[in-house]
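Visitor: Structure provided below as structure tokens; questions to follow.
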Amino acid sequence: MPEKTSEKTAARLEKQPVARSRTGAKSAAAPKVDRRILFTKGLIKEAFLELKKSSSLADIKVTDLCERAGIGRGTFYRHYRNMTEVLDEVLDDAFSQSSSLARHLVSREMRTAGACSGCDMPFCQFVRENKHYSGIFLDESLTRIVLDKMVDSQKGVYLRAMQGICDLSEGELADLLYFQSSGCLSAVRRCINASPEEWARTQAAIDNFILGGLAASTRRL
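Written out as structure tokens, the structure reads:
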């Protein structure tokens, strides 16, 4: 029997920052978080990611997930209606931990060095350093779902950032975002096992190529 999800989730949740005001005090407006719910959903999502490494989305059964997570079926259905909802929230978690393509492209450090040294953690780096997400991001059957979620999570920030430096219309920028997101995902899949040095060279080549194309349509790059 596979090992059940450990309580490392609880430890990680305890480390999450508490919302504070600009003065450093806890924000009175911040909603109270039920840590029991966060803990249970964390168990579910970790079990999902483990099962997804060796199973398709359609083949993951609620019974198997509950057994791995150490919960009952009723507990699962109190939080999610189906596996698609779990996947949706797992993707939200992943994209919230990586910097947007807009930030990557307009980073001053990247423009001068040809690499993303000035970003928090670009998506490509996030996937390479968080292999427990590989069952999702390397699954080609989920490409459309992943790309739609990736674009949706970045669209607002991307349009605002790029409209400040580009002469492209909103529709053209939306298409460009989807194109870049698709290319980013494809490159990550192809180079997931490349050495850090090999990936750095590939990343720099892609960055320089994209920036060269944008230069023809921008006011400030």
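Under the numbering used here, read the sequence shown as residues 846 to 1066, first letter to last. Just so it is clear, CB atoms sit at the ideal spot from N, CA and C, and this is done for glycine as well. Computed from a predicted structure; not experimentally measured.
Using 8 Å for Cβ pairs, my map puts Val907 next to Phe921. What's the rounded Cβ distance?
Guide: Rounded, the Cβ-Cβ distance is 6 Å, consistent with contact.
Visitor: Within 10 angstroms of its Cβ, does Glu891 collect 16 or more other Cβ (buried), or is it exposed?
Guide: Under this definition Glu891 is a buried residue.
Visitor: What residue range is occupied by the uninterrupted alpha helix (DSSP H) comprising Ser979?
Guide: It spans 979–982 - the alpha helix (DSSP H) in which Ser979 sits, taken as one unbroken run.
Visitor: Once DSSP output is grouped into helix, strand and coil, what is the label at Cys794?
Guide: Nothing can be reported for residue 794, as the shown portion of the chain is limited to 846 through 1066.
Visitor: Could you check where the alpha helix (DSSP H) with Asp1058 kicks off and where it finishes?
Guide: It is Gly, not Asp, that sits at residue 1058 in the sequence shown. Its alpha helix (DSSP H) spans residues 1041–1060.
Visitor: Under the rule that 16 or more other beta-carbon atoms within 10 Å means buried, what is Phe968, buried or exposed?
Guide: Buried, by the Cβ-count rule.
Visitor: Just grab the DSSP bridge partners of Ser944 for me.
Guide: Answer is Pro967.
Visitor: Would you call the segment 1024–1044 and the segment 967–983 in contact, with 3 or more CB pairs under 8 Å?
Guide: They touch, by the three-pair rule.
Visitor: Residue range of the alpha helix (DSSP H) that Glu912 falls in?
Guide: From DSSP, the alpha helix (DSSP H) with Glu912 extends over 907–914.
Visitor: Given this structure, state the Cα-to-Cα distance separating Glu895 from Glu912, to the nearest angstrom.
Guide: One C-alpha to the other measures close to 12 Å.
Visitor: Tell me where the alpha helix (DSSP H) around Lys886 begins and ends.
Guide: Per DSSP, Lys886 belongs to the alpha helix (DSSP H) from 880–897.
Visitor: Under the rule that 16 or more other beta-carbon atoms within 10 Å means buried, what is Lys897, buried or exposed?
Guide: With 16 or more other Cβ atoms within 10 Å, it is buried.
Visitor: Quick check on this structure: which residue in Ala1061, Arg1034, Ala1060 has the alpha carbon closest to the alpha carbon of Ser979?
Guide: Nearest option by C-alpha distance: Arg1034.
Visitor: Between Gln942 and the ligand SAH, is there a pair consisting of the residue's CB and a ligand heavy atom that are separated by less than 8 Å?
Guide: Ligands in the displayed structure: none, and consequently the ligand SAH is not present.
Visitor: Please list the terminal residues of the continuous alpha helix (DSSP H) segment that includes Arg926.
Guide: No alpha helix (DSSP H) holds Arg926; DSSP gives it neither H nor E.
Visitor: Report, in whole angstroms, the separation of the C-beta atoms of Thr885 and Ile905, which I expect to be a contact under 8 Å.
Guide: With 8 Å as the limit, Thr885 and Ile905 do not qualify as a contact, their Cβ atoms being about 18 Å apart.
Visitor: Could you give the distance in angstroms between the alpha-carbon of Glu930 and the alpha-carbon of Met995?
Guide: Roughly 16 Å separates the two Cα atoms.
Visitor: Rank Glu934, Ala903, Ser899 by C-alpha distance to the C-alpha of Leu888 and give the top, closest one.
Guide: Measuring from the Cα of Leu888, the nearest candidate turns out to be Glu934.
Visitor: Determine the DSSP secondary structure at Ser998, reduced to helix, strand or coil.
Guide: If DSSP states are grouped into helix, strand and coil, Ser998 belongs with the helices.
Visitor: Within 10 angstroms of the Cβ of Ala939, are there 16 or more other Cβ atoms? Answer buried if so, exposed if not.
Guide: So Ala939 counts as buried.
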